[in-house]
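Please read the structure below before turning to the comments.
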Ligand SMILES: NC(=O)c1ccc[n+]([C@@H]2O[C@H](COP(=O)([O-])OP(=O)(O)OC[C@H]3O[C@@H](n4cnc5c(N)ncnc54)[C@H](OP(=O)(O)O)[C@@H]3O)[C@@H](O)[C@H]2O)c1
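Residue numbers (this note's numbering): 151 to 389.
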């Protein structure tokens, strides 16, 4: 049954195009994902669906939704750089939890890591003040930045500063949040585990599988005892 709030927002927002299917199927979801079309995001959706969760995702207009639709994920169209699109996504998905893996910039050079995440966090808080929320950022954010090698600071400084802005906004929110900070990612198959720590460790220098990071995201979502913590995610050495 269509949700009246979602229906009226779609009508008011000409740039927000909901796929016919998702509009007709507006109902509550267990999880709303921002960045679901990305390499890690797709793993998050796949693992969440395999666990039986009802999943919705915000996808930019024009982006290919086939992989998400094949997973039976509700696809909502919008741009995270647009605050009203984020608010409309929460109204349409009615999620019990949310995760953001947003990263990168648009053709104008605007970083979604900061602006987009700020919009998502504000929209999440407006939807439900204490919503369970996981933000995927990066090792080297905030208090970890000074300890990063100079080359990393130069190469990733802009992205890390943008992600730090998002982390600080989340910490200041009323959401039931956890921040996950992975090291370098690769597309190797999962090793079936990962390490969590408060600070980077020797293992944090190794690349870790996006699939393992996706599992770390889902595990964090399901574990409220980790609320209010920023945890570094590192590769578990293969057995
Ligand atoms: N690469 C690494 O080694 C590394 C290390 C540590 C942390 N990270 C961070 O971990 C996260 C996941 O990494 P990844 O490699 O899986 O990322 P990715 O493939 O680049 O995915 C980024 C996601 O953000 C979405 N996005 C970007 N701008 C958007 C906007 N304006 N509105 C809505 N969606 C938008 C992208 O959607 P589109 O399909 O529309 O582009 C995509 O789904 C990222 O935040 C990344 O910065 C990466």
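Don't be surprised by glycine CBs; every beta carbon is placed ideally from N, CA and C.
Hey, quick one: how far does the alpha helix (DSSP H) through residue i stretch, first residue to last?
| i | result |
| --- | --- |
| residue 197 | 189-200 |
| residue 347 | Residue 347 -> not in any alpha helix (DSSP H); beta strand (DSSP E) instead, spanning 344-347. |
| residue 318 | 300-321 |
| residue 231 | Counting along the chain, residue 231 falls outside any alpha helix (DSSP H), and DSSP gives it neither H nor E. |
| residue 138 | The structure shown does not extend to residue 138, since the chain spans only 151 to 389, so no value can be given for it. |
| residue 274 | 267-277 |
DSSP puts residue i in a beta bridge; with which residues?
| i | result |
| --- | --- |
| residue 184 | 208, 250 |
| residue 336 | 359 |
| residue 330 | 286, 381 |
Quick one, which of the options has its alpha-carbon nearest residue i's?
| i | options | result |
| --- | --- | --- |
| residue 279 | 200, 240, 177, 302 | 240 |
| residue 206 | 236, 287, 300 | 236 |
| residue 357 | 183, 376, 271, 337 | 337 |
| residue 367 | 267, 332, 295 | 332 |
| residue 272 | 219, 322, 258 | 322 |
| residue 382 | 179, 254, 285, 316 | 285 |
| residue 354 | 223, 334, 202 | 334 |
| residue 364 | 177, 305, 196 | 196 |
| residue 341 | 360, 324, 352, 350 | 360 |
| residue 177 | 370, 243, 297, 317 | 243 |
| residue 180 | 209, 380, 371 | 371 |
So residue i is in the beta strand (DSSP E); what residue range does that whole segment cover?
| i | result |
| --- | --- |
| residue 262 | It is not in any beta strand (DSSP E) - residue 262 carries neither H nor E in the DSSP assignment. |
| residue 296 | From DSSP, residue 296 is part of no beta strand (DSSP E); its letter is neither H nor E. |
| residue 284 | 282-286 |
| residue 226 | 224-227 |
Checklist entry - Would you call the region 241-256 and the region 213-222 touching, i.e. three or more CB-CB distances under 8 Å? => result Taking a cut-off of 8 Å for Cβ pairs, the region 241-256 and the region 213-222 do not touch, as fewer than three such pairs fall below it.
Next on the checklist: Does the contact criterion of 3 or more C-beta pairs under 8 Å hold for the region 337-355 versus the region 299-313?
Outcome noted: no
Checklist entry - Taking one C-beta from the region 328-338 and one from the region 258-276 each time, how about it: are there three or more such pairs within less than 8 Å? => result The region 328-338 makes no contact with the region 258-276; the number of CB pairs closer than 8 Å stays below 3.
Checklist entry - Are the region 252-265 and the region 290-303 touching, with three or more C-beta to C-beta distances below 8 Å? => result no
Next on the checklist: Pairs of beta-carbons, one from the region 364-379 and one from the region 219-230, closer than 8 Å: are there three or more?
Outcome noted: no
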